[in-house]
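A short worksheet on the structure shown next.
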Amino acid sequence: MERNDRPTEPNESNRHEDWLDTELGSSEQSSEPTRVEQTARPSFVGRMFPGFVGGVIGAVLTGAIAFPFIDQVPTNVSDTNVTSEGSPVQTTSTTTDSSVTDAVATAQPAVVTVNNFASNGFSNEAVEAGVGSGVIYKKDGDSAYIVTNHHVVNGADRLTVTFNDGSTADAKLMGSDATYDLAVLEVDADKVSSVISIGKSSELKPGQTVIAIGNPLGQFENSVTRGVVSSTSRLVPVDTDENGQADFNAEVIQTDAAINPGNSGGALINESGQLIGINSMKIATDSVEGVGFSIPVDIALPLINQIEQTGEVNHPSLGVSLRDVSEFPPGYLTEQINLPESVTAGTIIVEVQANSSAARAGLEARDVIVKINDQAVSSFIDLRSELIRDTDGTVKIEYVRDGKTETVDVEIQNANGDAL
């Protein structure tokens, strides 16, 4: 038999009958009507009133004692000063806020506004075609150098910079590079009072506080926004030749610090006021916000030095023309390229330049590159991006030829065919 441990809740009639049995006794004890002298039972209000009054009195006494303490704002001893009259004065500064303001004070004088002037086509007079930001990173003799973005200075007939103190100066374009979106300007050193300190982007960690300084929307000079590092190494497809198709995966710092049009070329700094990135682009749609990108300074510095010295960046190359496997129908790949069905991604060598590094390594047309430096290649963008990141001057290429997988070391060359 099942046991029901749940107590049965008596209904109102049962409770009423129990009360009658207690007060009047059982009707089986006497057949004669019995008159019982009942003591008057206090009403509900009568029973509750003394307790209610006592509670009110207790609350009043407690409030009177505690009121002086409740009236005061809780303070931290280390954050509180006392006036000569003995009144506490609450301060709101914290270590984090102090470090940010100190960092901004250190770096802000080295951030400038870059003004792009171009001919309007109707007269010889150049008009302002765009506004961006820049960072003074070096002074050498009579010259000072400013890094900014390629797209900020692209198409300019004349460039000027506006310094933190409001003064302006003409700037000379030393060179630029569309792939990395970097450019270097030269100005008179006498105009420059501050140079930014260079940090290391390799030391960044996700969640670390970073600060963006620039000229958002081209009209709010020296604006400061704060955020965190969302990712230290994000690969973002970039259309460098503006043909509507991505041709390079840029390795960038992702941050939620607000980076708007006009911030491009400005500084991303750490809490020590050191430059750790060059703000370059921002995803800005109705459904996306808080996603900004910055070129890591560790990647930018060697390229900046190349632009400063030669006016351009030596882009690495293998000396081949490529088309992706995804561009061809499966039948063509199996019949003409002899590519195994298990290989579904890679990039096909269409042409090998004579005397190129690829030719010297023995690569041929119809070879399908599937890996570079042990990294999978799904398109030519992956191949090009790894070439740019490589610092050894030689890459290991894994390719498929006539259904067989081979590996070869290939020396990297520049656009002129010279070894890097």
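By the UniProt record's numbering, the letter at position 335 of the sequence shown is numbered 335, and the numbering carries on one by one without gaps. Backbone N, C-alpha and C define an ideal beta-carbon position, used for all residues, glycine too.
Could you say which of R389, L333, F380, Q254 lies nearest to N314 if we only look at CA atoms? Working through the sequence shown from its first residue, we reach residue 314 at position 314. Closest by alpha carbon: R389.
With a CB to CB cut of under 7 angstroms and the five nearest residues on each side skipped, what residues in its chain are close to A358? Counting from 1 along the sequence shown, the entry for residue 358 is found at position 358. Correct list, in chain order: L318, G319, V320, V352, V410.
Thinking C-alpha only, which one of Y180, I369, A126 is nearest D298? In the sequence shown, residue 298 corresponds to position 298, counting from 1. When the alpha-carbon of D298 is set against those of Y180, I369, A126, the nearest one is in Y180.
Three-state secondary structure (DSSP) of R389: For the purposes of this step, residue 389 is taken as the residue at position 389 of the sequence shown. Note: R389 maps to helix in three-state DSSP.
Given D247, which residues of its chain have a CB within under 6 angstroms of its CB, disregarding the five upstream and five downstream residues? Numbered from 1 along the sequence shown, position 247 holds the residue referred to as residue 247. The residues are T240.
With a threshold of 6 angstroms on Cβ separation, who are the neighbours of N215 within its own chain once the five nearest residues in sequence on each side are excluded? Mapped onto the sequence shown, residue 215 falls at position 215. Cβ within range, chain order: T113, S133, E221, G262.
With DSSP as the reference, label S233 as helix, strand or coil. Taking the sequence shown and counting its residues from 1, one reaches residue 233 at position 233. Strand at S233.
Alpha carbon to alpha carbon, what distance is there between E308 and L301? The sequence position of residue 301 within the sequence shown is 301, counting from 1. The sequence position of residue 308 within the sequence shown is 308, counting from 1. C-alpha of L301 to C-alpha of E308: approximately 10 angstroms in a straight line.
If you check the beta carbons only, do I269 and A126 fall under 8 angstroms apart? Locating residue 269 in the sequence shown gives position 269, counting from the first residue. Locating residue 126 in the sequence shown gives position 126, counting from the first residue. Taking the C-beta atoms as reference points, A126 is found no nearer than 8 angstroms to I269.
From the DSSP output, which residues share a beta bridge with L275? What you label residue 275 is simply residue 275 of the sequence shown in a count that begins at 1. The partner list for L275 (beta bridge, DSSP) reads I198, I269.
Which of helix, strand or coil does DSSP assign to V135? Along the sequence shown, one-based indexing puts residue 135 at 135. Correct three-state label for V135: strand.
How do the region 365-374 and the region 338-350 stand: do at least 3 beta-carbon pairs fall below 8 angstroms, yes or no? In this structure the region 365-374 touches the region 338-350; the number of beta carbon pairs closer than 8 angstroms is three or more.
Bridge-paired residues (DSSP) for N249: Within the sequence shown, numbered from 1, the residue matching residue 249 stands at position 249. BP columns for N249 point to P237.
Helix, strand or coil for D180, going by three-state DSSP, please let me know. Locating residue 180 in the sequence shown gives position 180, where the first residue counts as 1. In the sequence under discussion, the amino acid at residue 180 is Tyr, which differs from the Asp named in the question. Coil.
When the Cα atoms are used, what is the spatial distance from V77 to S98? Here residue 77 refers to the residue found at position 77 of the sequence shown. Here residue 98 refers to the residue found at position 98 of the sequence shown. With a pLDDT of 37 at V77, under the threshold of 50, the modelled position of that residue is not reliable, and the figure given next carries that caveat. Cα to Cα, the separation comes out at about 18 angstroms.
Kindly identify the DSSP beta-bridge partner or partners of G218. As a first step, residue 218 must be located in the sequence shown, where it is residue number 218. G218 pairs with nothing; no bridge assigned.
Please list the terminal residues of the continuous beta strand (DSSP E) segment that includes A156. Here the question's residue 156 lines up with position 156 in the sequence shown. No beta strand (DSSP E) holds A156; DSSP gives it neither H nor E.
Does the beta-carbon distance from G175 to V187 come in below 8 angstroms? The residue given as residue 175 occupies position 175 in the sequence shown. The residue given as residue 187 occupies position 187 in the sequence shown. For G175 and V187, no; Cβs fall outside 8 angstroms.
Give me the Cα-Cα distance between T405 and E386, rounded to the nearest whole angstrom. Translated into positions along the sequence shown, residue 405 becomes position 405. Translated into positions along the sequence shown, residue 386 becomes position 386. Distance from the CA of T405 to the CA of E386, rounded to the nearest whole angstrom, comes to 20 angstroms.
Whole angstroms are fine: how far does the CA of E335 sit from the CA of I295? As a position in the sequence shown, residue 295 is number 295, starting the count at 1. As a position in the sequence shown, residue 335 is number 335, starting the count at 1. Straight-line Cα distance between these residues: approximately 43 angstroms.
Exposure label - V89; buried when at least 16 CB within 10 Å: Residue mapping note: residue 89 aligns to position 89 of the sequence shown, counting from 1. Summary for V89: the model assigns pLDDT 44, below 50, so the residue's position carries little reliability; its value from the coordinates is reported in the next sentence. For V89, the number of other beta carbons within 10 angstroms of its own is below 16, and it is reported as exposed.
Going straight from the alpha carbon of M281 to that of N154, what length do you get? Translated into the one-based positions of the sequence shown, residue 281 becomes position 281. Translated into the one-based positions of the sequence shown, residue 154 becomes position 154. Computed Cα separation, rounded: 15 angstroms.
If you measure between the beta carbons of A118 and A156, is that distance less than 8 angstroms? On the sequence shown, position 118 is the one that residue 118 refers to. On the sequence shown, position 156 is the one that residue 156 refers to. Contact check for A118 against A156 passes: the beta carbons are separated by less than 8 angstroms.
In this structure, how does DSSP classify Q208 when only helix, strand and coil are distinguished? Your numbering for residue 208 matches position 208 in the sequence shown. Under the three-state reduction of DSSP, Q208 is assigned to coil, being neither helix nor strand.
So G227 and V210 are supposed to be a Cβ contact under 8 angstroms. How far apart are they, rounded? Residue numbering aside, residue 227 sits at position 227 when the sequence shown is read from its first letter. Residue numbering aside, residue 210 sits at position 210 when the sequence shown is read from its first letter. In this structure, G227 and V210 form a Cβ contact; the two beta carbons are roughly 6 angstroms apart against a cut-off of 8 angstroms.
Considering only residues of the same chain and omitting the five flanking positions on each side of G311, which have a CB-CB separation below 7 angstroms? Numbered from 1 along the sequence shown, position 311 holds the residue referred to as residue 311. Hits under 7 angstroms: M174, G175.
8 angstroms Cβ cutoff met for G346 and V408: Here residue 346 is taken as the residue at index 346 of the sequence shown, counted from 1. Here residue 408 is taken as the residue at index 408 of the sequence shown, counted from 1. Not a contact, by the Cβ cut-off of 8 angstroms.
Can you name, in chain order, every residue of its own chain whose Cβ lies under 6 angstroms from the Cβ of G244, other than the five neighbours on each side? Numbered from its first residue, the sequence shown carries residue 244 at position 244. Answer for G244: no residue qualifies.
If you drop the 5 nearest sequence neighbours on each side, which residues of the same chain put their C-beta closer than 8 angstroms to that of S197? Residue mapping note: residue 197 aligns to position 197 of the sequence shown, counting from 1. These residues qualify, in order along the chain: T106, A107, S272, G273, Q274, L275.
When you compare the CB positions of K136 and A178, do they come within less than 8 angstroms of one another, or not? As a position in the sequence shown, residue 136 is number 136, starting the count at 1. As a position in the sequence shown, residue 178 is number 178, starting the count at 1. Looking at the sequence itself, residue 136 is Ile, so the reference to Lys does not match. The Cβ atoms of I136 and A178 lie no closer than 8 angstroms to each other.
Considering only the alpha carbon of each residue, which of V152, P316, H151, I146 lies closest to A169? Counting from 1 along the sequence shown, the entry for residue 169 is found at position 169. Taking only the C-alpha atoms, the option nearest A169 is I146.
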